[in-house]
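Participant: Numbering (my numbering), first residue to last: -6 to 101.
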Amino acid sequence: MRIAVWLFRAFIFFSLFAFALNNQHDANVHWFFGQEWHAPMVFVVLGAFAFGCAFGVLAMVPSWWRNRRLAQRRLRRRGDHPELLDSALSPSSELPTRTDSHPPRDGL
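#1: How is the beta strand (DSSP E) around Trp120 delimited, first residue to last?
#2: Does the separation of the CB atoms of His18 and Met34 fall below 8 Å?
#3: What does a CB cutoff of less than 7 Å around Ala13 pick up in its chain, not counting 5 residues either side in sequence?
#4: Considering Cα atoms alone, identify which of Arg70, Met53, Val38, Arg71 is closest to Leu9.
This is the structure we're talking about:
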């Protein structure tokens, strides 16, 4: 499996490298108020990708903070009852097992 993952990574790398070599011509990015930026196509695509990643991460931050506060609040509630906290964290607690003869419809 490791070899397959490394082959996939090598394929992705060489595909992106070939893309960069094939797109070395200049591209014009027209901004507002007549501003224009000249750069190789690879930098334009890389910049758009980086901007999209940064925007996606920043869009997720409020949700992460909300979920973190909720998890801390729940942990504090469990902290009021140490016996519940100990039983939840003990290695002897077993996960519930399914006794159905057929797997669930969604396969999980």
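Glycine included, each C-beta is placed from N, C-alpha and C at the ideal position. Please read these numbers as outputs of a predicted model, since none were measured by experiment.
Facilitator: Result, derived from the coordinates:
#1: Here the chain covers residues -6 to 101 and nothing more, so residue 120 does not appear.
#2: yes
#3: Val35
#4: Val38
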